[in-house]
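See structure below.
Residue numbers (my numbering): 66 to 391.
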């Protein structure tokens with residue numbers, strides 16, 4: 066009996082050692098966003114272990130620099146972050162506390178995903194000097210670029226290039242994973258554009274400049290923001306002005322991100338006889354099984370469904386033509 070027990074213990078030890086050895090051979094990657102983690106998992110496949118610092122339910126602007134996050138970075142081979150100063154309030158502290166030269170600024174394991182974009186791809190760059198009176202304005206432009214799937218393709222290319230640089234022995238697998246991801250995403254983009262073709266020219270109001278890349282991609286016009294300034298709740302006067310604007314232009318949709326407190330947006334939507342659409346601000350805001358592609362699919366589906374329920378076909382197209390003559 067003791068001999069059998071000893072063999073069983075030995076077998077368990079060998080299995081544990083084998084699993085640990087396999088995990089040790091994988092690239093350990095930390096991302097700041099679940100969307101970046103999802104794309105990395107698609108490209109890296111079984112040769113990477115990926116952890117995201119933020120969860121889908123969190124606003125990445127406001128994250129506490131916890132010691133547990135520093136430990137993740139301490140063990141990482143690669144850090145991938147959004148850039149455009151989205152994480153400026155907390156990521157430098159984590160990098161400093163991690164004491165890991167692999168992921169330090171300027172190191173091979175330090176990847177700014179926004180480097181995949183050209184200057185023309187980045188929207189809402191403020192002109193002139195930026196100060197706190199302007200609210201949470203990003204001097205380098207709007208950092209929520211992954212909400213346009215064409216940018217997701219660019220970021221996937223950049224991540225694949227970095228994985229190959231760090232782990233050239235698996236270059237063929239990374240290239241194949243990238244090709245599979247690109248083929249699938251490009252097919253879905255064609256489908257999304259077909260399904261959303263009727264939204265071109267539709268006017269909406271957003272709570273915060275989070276959805277600019279999605280709206281620009283689909284040809285939807287964002288007429289104004291309920292926030293007084295980015296990150297600053299609206300005053301009663303501003304809410305009244307937005308309500309009047311929506312009534313004048315017959316705007317029937319208000320969009321807000323899932324992590325924003327919705328009461329102010331609800332007030333404006335109700336006063337304007339509009340529908341409030343709460344969209345997931347990040348991957349896995351709706352569940353851990355969600356990935357980058359299903360996230361974009363949900364966003365497009367919700368916009369199409371909402372518009373079909375509140376907008377008369379062809380009405381917003383006519384209004385767009387009138388607007389161009391003003």
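All C-beta atoms, glycine included, are put in the ideal place defined by N, C-alpha and C.
- Contact check for residue 188 against residue 165 fails: the beta carbons are separated by 7 Å or more.
- Taking the Cα positions, residue 101 is about 29 Å away from residue 289.
- In the DSSP assignment, residue 279 is bridged to no other residue.
- Between the region 335 to 348 and the region 290 to 297, the count of C-beta pairs closer than 8 Å stays below three; the two stretches do not touch.
- Going by C-alpha positions, residue 248 is about 45 Å away from residue 309.
- Per DSSP, reduced to three states, the secondary structure at residue 249 is helical.
- Residues 104, 105, 108, 145 of the same chain have their beta carbon placed closer than 7 Å to that of residue 224, with the five preceding and five following residues left out of the count.
- In the displayed model, residue 354 falls within coil according to three-state DSSP, outside both helix and strand.
- Bounds of any beta strand (DSSP E) do not take in residue 127, whose DSSP letter is neither H nor E.
- Counting only runs that start and end inside the region 84 to 121, the beta strand (DSSP E) elements of at least 3 residues fall at 92 to 96, 113 to 117.
- The Cβ neighbour count for residue 366, taken over all protein chains shown within 10 Å, is under 16; the residue is labelled exposed.
- Residue 128 is not a Cβ neighbour of residue 113, given a cutoff of 7 Å.
- The secondary-structure analysis by DSSP pairs residue 165 with nothing; it has no beta-bridge partner.
- For residue 322, the uninterrupted beta strand (DSSP E) segment begins and ends at 318 to 322.
- Contact annotation, residue 253 with residue 358: C-beta distance approximately 6 Å; criterion of less than 8 Å satisfied.
- Contact check for residue 190 and residue 205: beta-carbon distance about 7 Å, within the 8 Å limit, so the pair qualifies.
- For residue 143, the enclosing beta strand (DSSP E) has its first and last residue at 143 to 146.
- For the region 270 to 314, the full-length alpha helix (DSSP H) segments reaching 4 residues or more read 277 to 283, 301 to 314 along the chain.
- Put simply, the region 322 to 338 does not touch the region 223 to 238. Fewer than three CB pairs are less than 8 Å apart.
- With contacts defined by Cβ atoms closer than 7 Å, residue 135 and residue 171 do not form a contacting pair.
- Taking C-beta atoms as the reference points, residue 138 and residue 151 fail to come closer than 7 Å.
- Relative to the Cα of residue 282, the nearest Cα in the group 117, 130, 209, 325 belongs to 209.
- About 6 Å separates the beta carbons of residue 97 and residue 156, which is inside the 8 Å limit, making them a contact pair.
- In the three-state reduction of the DSSP assignment, residue 333 falls in the helix class, which pools H, G and I.
- Within the model, the alpha-carbon separation for residue 269 versus residue 133 is close to 40 Å.
- A direct Cα-to-Cα measurement between residue 279 and residue 169 gives close to 32 Å.
- The Cβ atoms of residue 347 and residue 121 lie closer than 7 Å to each other.
- Look at residue 173 here: in three-state DSSP terms it is coil, with no helix or strand label.
- When 364, 371, 368 are compared, the shortest CA-CA separation from residue 211 is found for 364.
- For residue 351, same chain residues with a beta-carbon under 6 Å away, outside a window of 5 residues either side, are 345 in chain order.
- DSSP places residue 342 in the strand class (E or B) of the three-state scheme.
- Boundaries of the alpha helix (DSSP H) around residue 214: 214 to 231.
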